[in-house]
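Notes to accompany the following structure.
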Amino acid sequence: MKADIKSWNQEELGEFLISLGEKPFRAKQIYPWLHVKHVESFEEMTDISNKLKEKLTNSCELTVLKQVKVQQSKLDGTRKYLFALADGNMIESVLMGYHHGNSVCISSQVGCRMGCKFCASTLDGRVRNLTPGEMLDQIYRIQREIGERVSHVVVMGMGEPLDNYENLLKFIQLLSDENGMNISQRNITVSTCGIVPNMRRLAEEKLQITLALSLHGATQKKRQELMPIAKKYEIHQVVEACEYYFQRTGRRITFEYSLVGGTNDGEEDARQLSRLISGMNCHVNLIPVNPIKEQNYVQPDQKSVLNFKNKLEKYGINVTIRREMGRDIEGACGQLRKRFSERQGEG
Ligand code: SAH
C-alpha cells in the first residue's frame, strides 16, 4: 500500500524524503502545498521538479475527497457536504457561518458503533476509521470551495472520535500546526459519548482543545436507555473523567444534552442534571432532538425547552440552547449519507 502523505507532520515528511534519496529541506517546500494551499494533485506543486513529482506519485497517496453533493440551508446558509473517500465510502461534513468565523463540523469514522438511540450515524454500524488526512481534507476542501478561512473545527459529525484515538490525536496536531492550517487548539472541540479511559488519556496530552461530553441523561438509568455505551462507563465515572480533564487542562467542559420529548426533558430531569454537575466549571448545550425516521423520538415543544433552560439557570448552571442549523437539509448527524445510500439502493 502507498504511504499517506497528508497524515504526516513536517518531520515525518522529511524522513520520508530522505528515504527517497531527497534532501530533507524539500519537506519545507512540499508541506505547505499540502497543508496551506491544499492542492489536489502533485502536479500543482510548481516549485518541485518533475522527477520528484513522479517519485511522489509512485510512492504516495494524496488524499483528496470528492464532493458528491452539497446542500445549502435556505434558513441559515449552513452547507452540508457529502464526500466520497478513495475507497467509495461516504462521509458528511457541515459548514456553519457564525459571527466569530466559519466553523466546520467533521466526521471521524465511516459510520459508528456506539449505538446511541436517536442518532442516524450509528444505524448501520462502523465501517472504518478515518485517517488524519481524511479528517483534515474535509476542512481543506471546504475552505478551498468557499474561498474563505475556516477558523473553528468541531469533531461532532459521524463517528466517535475517541474510538479512533491515535488518528484523532495526529489530526489535532496537524490541524493546529503553525506551518500548516494553524487553527488554534482553543478553536477545536472534540465531542465524545464518554469513553472514559480515552478521556483521561486525552487529559494528559497537554492540548488546549475543548472536550464536549454527550450526557443526554442525568441519571445512570436514563442515560443508558439512550446510550448503550453508558452500560460500560457509568455516569459518575464519566463526570469524574470530565472533572479530571478540567483539572489537567484548565479547559471548561461542555455537556451536550439532547432533549427528547417526554424522555429526559422534565423538571425532575433538570433538577437531577444540575445536581450532577453543580460546582463544575462547565457549560450545558441543549439540543432539541432532531427526529430520525428510524426511531420515533419527538422534539419537545419550545416551551418545555425554555422551561428546562430556565430551571438549569435557576440552579446556577451556564446553559445555552444550540441554535438549530440546517434543519431543512437533513442536518442531524448521518442523515444525509443514510438517505443517499438508500436512494442509491432504490436506483
Ligand atoms: N460520537 C460523538 C459525536 C456525535 S455527534 C458523541 O457522541 O459526542 C454530536 C452530538 O449530536 C452528540 O451529542 C450526539 O449525541 C448528538 N446527536 C446525534 N444525533 C442527534 C439527533 N438526531 N438529535 C439531536 N442530537 C443528536
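Numbering that gives the first Met the number 0 applies: residue 0 is where the sequence shown begins, and numbers increase by one.
For every residue, glycine included, the Cβ atom is placed at its ideal position computed from N, Cα and C.
Alpha carbon of residue i to alpha carbon of residue j, nearest angstrom
i, j, result
"E345", "Y232", "Residue confidence for E345 is low, a pLDDT of 44 falling below 50, so the modelled location carries little weight and cannot support an answer."
"K1", "M279", "47 Å"
"V304", "F245", "28 Å"
"N289", "L74", "16 Å"
"L12", "M44", "15 Å"
"P131", "S6", "5 Å"
"L84", "C59", "16 Å"
"F41", "V154", "28 Å"
"Y97", "E14", "40 Å"
"I252", "N128", "25 Å"
"M95", "I234", "31 Å"
"K116", "S106", "19 Å"
"L201", "E165", "10 Å"
"H99", "I171", "20 Å"
"I47", "L210", "40 Å"
"A26", "L16", "7 Å"
"R199", "S175", "21 Å"
"E21", "I187", "35 Å"
"S340", "L81", "11 Å"
"F254", "I4", "36 Å"
"G336", "E144", "Going by the sequence as given, residue 336 is Arg instead of Gly. Each residue's Cα considered, the two are about 20 Å apart."
Whether residue i touches residue j by CB criterion (8 Å)
i, j, result
"G158", "S120", "yes"
"V103", "I138", "yes"
"N163", "Q108", "yes"
"L275", "F307", "no"
"G124", "R140", "no"
"R247", "Q207", "no"
"Q9", "N178", "yes"
"K221", "N263", "yes"
"E91", "G156", "yes"
Beta bridge counterpart(s) of residue i as assigned by DSSP
i, result
"Y80", "V69 and S92"
"S40", "S40 pairs with nothing; no bridge assigned."
"S340", "Its beta-bridge partners do not exist; DSSP assigns none."
"A2", "C59"
"N101", "G96 and V149"
"S190", "A211"
Whole-Å CB distance - residue i paired with residue j, under 8 Å assumed
i, j, result
"M89", "V63", "Actually they do not touch by this definition, with Cβ atoms about 15 Å apart."
"L311", "L258", "Rounded, the Cβ-Cβ distance is 11 Å, inconsistent with contact."
"G193", "I228", "6 Å"
"V149", "N101", "5 Å"
CB contact check: residue i to chain D, cutoff 8 Å
i, result
"A269", "Chain labels in this structure do not include chain D; a single protein chain is all it has."
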